[in-house]
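Residue numbers (the numbering used here): 31 to 661.
Have a look at the structure below before the remarks.
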């Protein structure tokens with residue numbers, strides 16, 4: 031129930047977000063090239079002069095990276111990234127003390143002035159000393175207002191020593207072959223019938239398509255879609271559809287509401303199907319391509335503009351000539367147009383709710399392996415229709431639940447406006463800091479509470495509904511205040527907004543944190559797998575992306591559970607970051623047949639990969655603990 035409760039309570043609204051839009055660009059801050067044609071004697075230096083890089087190497091494998099930083103410039107600590115050749119392992123990394131800075135682009139960050147030093151302990155994983163090429167990336171800014179593009183430097187290290195505990199064996203995976211599959215006698219023991227082989231959930235769905243009749247396949251995927259109906263894939267679409275049906279304050283019949291909902295669901299389903307077939311046949315994930323800061327910010331801005339229209343600041347409408355043509359084409363009624371609903375359905379499928387679940391992954395695996403887009407596409411379409419059932423219910427009931435046109439409808443419109451604002455922040459949550467998102471949520475709820483007269487005294491002859499709405503306003507006021515405090519103290523979760531405050535006050539009494547080593551390419555991963563095999567550690571790979579809402583849910587709910595943390599205490603935990611969706615990310619995803627995040631991959635203590643234990647999507651903590659018990 032906790033996962034379901036979290037999904038149902040996921041936000042749907044917010045205001046003043048435009049003031050915070052600069053926080054929504056955690057990408058390259060460099061807007062200018064190294065040369066600045068406007069720079070005079072007091073202008074910015076060349077990047078090589080502003081940040082002079084050097085390094086020192088000792089015989090024992092200790093390496094010191096040194097940046098000499100010019101006056102008036104600063105270097106970001108978290109932008110320092112290192113990459114080594116596969117034969118080299120980083121045992122330890124130590125940063126010199128940094129200063130906290132309120133940066134206009136990245137918010138609260140740690141930076142260096144004057145000098146930055148990074149000490150590294152490196153070792154060979156081949157059983158003999160090796161040479162290595164090291165690539166270092168870093169980024170800094172001039173206090174005068176210009177940030178440089180990220181800088182890449184390479185240098186050579188010679189005769190890095192052998193780690194005494196390291197053997198020559200490796201657990202690397204050839205990029206041209208599938209990872210080694212364990213033999214039956216070494217397969218991990220998990221709770222399954224002994225008479226049947228272990229099979230991952232997505233593979234079971236892929237087998238269902240290939241081995242069952244059309245009707246059984248479509249029925250099974252429709253039921254699977256129903257099970258996914260209250261996940262982050264669908265829930266955010268409910269306030270979008272509700273606001274469309276509510277329109278501009280006119281009465282909507284149940285029949286017309288159902289018709290608009292059906293158009294919306296069919297548009298979403300068709301988009302999922304086409305995108306899925308393309309992903310299965312060509313390996314191109316259209317949804318991932320849309321998950322970048324600019325697209326998400328633009329779509330959030332659209333929600334903000336729509337919400338302001340709901341508040342009555344202006345009327346959003348096409349030119350009259352366009353309206354006449356579209357009205358004649360769609361035979362539209364008041365409260366929404368067919369064309370508008372179709373467009374919103376298409377964009378919602380690609381941007382609002384991209385996620386990965388076992389049925390979807392199974393269909394994409396089947397399409398990729400069989401090359402049969404018709405059967406796989408039909409399964410995807412049936413899955414999408416099942417996911418759209420709640421939306422159809424919302425549409426059909428809209429004519430009954432929405433009040434008649436009048437003063438009440440203005441309040442309803444304002445409520446939908448708040449939901450659209452919250453939804454805008456929920457989308458931006460993928461690309462802004464968690465505590466900034468909490469502050470945005472807090473501002474919206476506090477403004478809504480004041481508007482609901484939470485601070486006003488009721489009249490003596492007030493009706494019962496006045497007491498009810500005042501009570502709702504007081505609840506929003508209290509919760510908004512808690513979120514505001516949580517955001518100021520570094521809180522991250524809507525369900526536990528004061529956790530950051532509690533941790534800062536409790537110190538060592540706080541619970542254990544799940545630490546992951548992050549990799550972005552196969553070379554980094556191979557090195558870590560080699561180390562884990564040498565140490566006889568089981569390994570869990572967590573395929574993750576910043577734009578993946580289900581990934582955040584997995585981190586905040588499943589991995590935050592104490593029993594899960596205890597179960598993974600002996601594991602080498604590696605987070606495979608595929609946010610960039612570049613060639614390196616695609617190579618890793620293809621190697622493990624990962625269609626999209628989140629996906630969990632497992633190796634046993636002998637360094638053997640177990641594809642039958644792969645998990646897709648969000649998993650309940652107790653199910654997860656049972657699943658990894660055999661490793």
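Note that beta-carbon positions come from the ideal geometry of N, C-alpha and C, so glycine has one too.
All of these numbers come straight from a predicted model, not from anything done at the bench.
Nearest C-alpha to residue 592 among 581, 115, 654, 645: 654. Going by DSSP, residue 563 is part of the alpha helix (DSSP H) stretching over 552-564. Annotation for residue 653: the continuous alpha helix (DSSP H) segment containing it runs 651-657.
Judged by pairs of C-beta atoms under 8 Å, the segment 556-567 does not touch the segment 609-628, as fewer than three such pairs exist. Judged by DSSP secondary structure, residue 638 falls outside any beta strand (DSSP E); it is assigned neither H nor E. The alpha helix (DSSP H) runs of length 4 or more contained entirely in the segment 453-516 are, from start to end of the chain, 464-481. Closest in C-alpha terms to residue 298, from the list 190, 324, 412, 334, comes 412. Rounded to whole angstroms, residue 368 and residue 416 show a C-alpha spacing of 21 Å.
Between the beta-carbon of residue 472 and that of residue 514 there is about 4 Å, and that keeps the pair under the 8 Å contact cut. In this structure, DSSP gives residue 283 a state outside helix and strand, which the three-state scheme calls coil.
Of the candidates 177, 187, 147, 172, 187 places its Cα closest to the Cα of residue 154.
Taking each of 616, 525, 578, 634 in turn and checking the Cα distance to residue 564, the smallest one comes out for 634.
Looking only at 113, 123, 173, the smallest Cα-Cα distance to residue 164 is reached by 113.
Take the alpha-carbon of residue 328 and the one of residue 511: they are about 28 Å apart. In the three-state DSSP reduction, residue 544 falls in the coil class, being neither helix nor strand. Shown here, residue 172 sits in a strand according to DSSP, grouped into three states. Annotation for residue 252: 412, 413, 415, 416 place their beta carbon closer than 8 Å to its own, counting only its chain and skipping 5 residues before and after.
The beta carbon of residue 643 sits closer than 6 Å to those of 632, all from its chain and outside the five residues before and after it, given in chain order.
Around the beta carbon of residue 484, 16 or more other beta carbons lie within 10 angstroms, which makes this residue buried. Beta-bridge partners of residue 119 (DSSP): 153. Going by C-alpha positions, residue 185 is about 24 Å away from residue 103.
Look at residue 405 here: in three-state DSSP terms it is helix. Looking only at 497, 479, 526, the smallest Cα-Cα distance to residue 503 is reached by 479. The continuous beta strand (DSSP E) containing residue 570 extends over residues 569-574. Of the residues assessed, residue 570 falls on the buried side of the cut-off, its CB having 16 or more other CB atoms within 10 angstroms. Classified as buried, residue 572 has 16 or more neighbouring CB atoms from the shown chains inside 10 Å of its CB.
In the displayed model, residue 162 falls within a strand according to three-state DSSP. Counting only residues of its own chain and dropping the five nearest sequence neighbours on each side, residue 144 has a CB closer than 7 Å to the CB of 99. When the Cα atoms are used, residue 476 and residue 506 turn out to be separated by approximately 7 Å.
Between residue 168 and residue 87, the C-beta gap is not smaller than 9 Å, which leaves the two residues out of contact. Residue 629 holds the alpha-carbon nearest to the alpha-carbon of residue 581 among 629, 618, 615, 552.
Assignment of residue 529 by DSSP, reduced to helix, strand and coil, places it in the helix class. For residue 623, there is no enclosing alpha helix (DSSP H), since its DSSP letter is neither H nor E.
Measuring C-alpha to C-alpha distances from residue 567 to each of 81, 577, 598 identifies 598 as the nearest. Judged by DSSP secondary structure, residue 582 falls within the alpha helix (DSSP H) whose first and last residues are 579-583.
For residue 603, the uninterrupted beta strand (DSSP E) segment begins and ends at 602-607.
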